[in-house]
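Chemist:
Number of protein chains: 2
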Amino acid sequence: MWPEPAGKVAANPRLQPIDGMIQTIRRHPNGQGAMSKANLEARYREYIDCLNGRDWANLGRFVADDVRHNGRPLALDGYRSMLENDYEQIPDLRFEIEMLVADPPRLAARLRFDVTPEATFLGLPVNGRRVTFHENVFYEMESGRIREVWSIIDKRAIEAQLG
Amino acid sequence: MWPEPAGKVAANPRLQPIDGMIQTIRRHPNGQGAMSKANLEARYREYIDCLNGRDWANLGRFVADDVRHNGRPLALDGYRSMLENDYEQIPDLRFEIEMLVADPPRLAARLRFDVTPEATFLGLPVNGRRVTFHENVFYEMESGRIREVWSIIDKRAIEAQLG
């Protein structure tokens, strides 16, 4: 999750997927949305499965409507556009969880990628070469969904592989 | 904590600072070194104070002798050299904790920098300009000290500021 979206996507009010909210309330009768560490980790793994399955119809179960990414108010539609754009640039994109550190409502993940971007990626002329790199990323959850993301991609690792 | 060291520094056997170990054992009579979340966070803040104070004599209280950084077996001496080199490149270097996510024995931190590298930094011609950027970094602790570090600096943020 790294490219800038083509432009700021207008917020598009929509019906909230209700199942995630109901699950959250069932687990937490106080309604405060403070998931346990185990539940937060399990939910994050489901989110990564959703990304790897390109299951955009269910993205709203894991990502809040007013999600922010590196300070930008993308909203759910903009977040989905960002991910779809990632898959266009990197047809073999796959998110692999290498490390998880959860402390509700926050979670940090070290993600690993072993992929083949088709053209330029992060401004680098990858052009179909295979590269491996990591993303270190923090999330803040609210009512069981991702509300804010702070992500850094290891661009230097890719530069080193391009020589 | 980002530049490559000048070379691999030979391991230099030394007496272990014993106070940190004793504290750990006192807190955890089982001797497994599994600090509580609160203790881990407090210890990490002390480590950051140690860096900001350039208190290299006490670095071994927080960093293990066989520490690894982004897969490189730096050892404590190499780690110290890396930090001293950071301060040479960036005389006004200061580590600011923006976010902590602790789940012993691991901790993730989002660090913020607002600094003035003197010359090139990460291969970029900063040359005395003031730049702000983040580091997302994971740590694994062992017996109360940092055993392994996985760090990514937001190079793209610096590039964007240099225009």
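Protein sequence lines, in the order shown, are assigned to chains A and B.
Quick note: the first sequence uses the numbering used here, first residue 1, plus one each step.
Quick note: the second sequence uses the numbering used here, first residue 164, plus one each step.
A virtual CB, placed ideally from N, CA and C, is assigned to each residue, including glycine.
It should be emphasised that the depicted structure is a prediction, and the values quoted were computed from it without experimental measurement.
Just verifying my parser: in three-state terms, what is the DSSP assignment at B:Asn299?
Modeler: strand
Chemist: For A:Asp154, count the other beta carbons within 10 Å of its own beta carbon; 16 or more makes it buried, fewer makes it exposed. Which is it?
Modeler: It is buried - the Cβ of A:Asp154 has at least 16 other Cβ atoms within 10 Å.
Chemist: For A:Val115 and A:Ala109, I'd like the C-alpha separation in whole angstroms.
Modeler: Going by C-alpha positions, A:Val115 is about 18 Å away from A:Ala109.
Chemist: Using the three-state DSSP reduction, which class does B:Asp228 fall into: helix, strand or coil?
Modeler: strand
Chemist: Along chain A, in chain order, which residues have C-beta atoms closer than 8 Å to that of B:Phe225?
Modeler: Per Cβ cutoff of 8 Å: no residues; B:Phe225 is ~18 Å from chain A at best.
Chemist: Could you tell me the alpha carbon to alpha carbon distance between B:Phe276 and A:Glu46, rounded to whole angstroms?
Modeler: 33 Å
Chemist: Measuring CB atoms only, is the region 220-234 of chain B touching the region 305-313 of chain B, in the sense that at least three cross pairs come out at less than 8 Å?
Modeler: Yes: at least three Cβ pairs fall under 8 Å.
Chemist: Could you name the residues of the region 133-146 of chain A whose beta carbon sits closer than 8 Å to any beta carbon of chain B, in the order they occur along the chain?
Modeler: His134, Glu135, Asn136, Val137, Phe138
Chemist: Using a Cβ cut-off of 8 Å, pull out every chain B residue sitting near A:Val101, in sequence order please.
Modeler: Val264, Ala265, Asp266, Arg269, Leu270, Ala271, Phe301
Chemist: DSSP three-state call for A:Ser151: helix, strand or coil?
Modeler: strand
Chemist: Could you name the residues of the same chain whose beta carbon sits closer than 7 Å to that of A:Leu111, not counting the 5 residues immediately before and after it, in chain order?
Modeler: Correct list, in chain order: Phe95, Glu96, Ile97, Glu98, His134, Glu135, Val137.
Chemist: Taking the straight line between their C-alpha atoms, what separation do you get for B:Asp255 and A:Trp56?
Modeler: 45 Å
Chemist: Is A:Ile152 close to chain B, meaning its C-beta is less than 8 Å from at least one C-beta of that chain?
Modeler: yes
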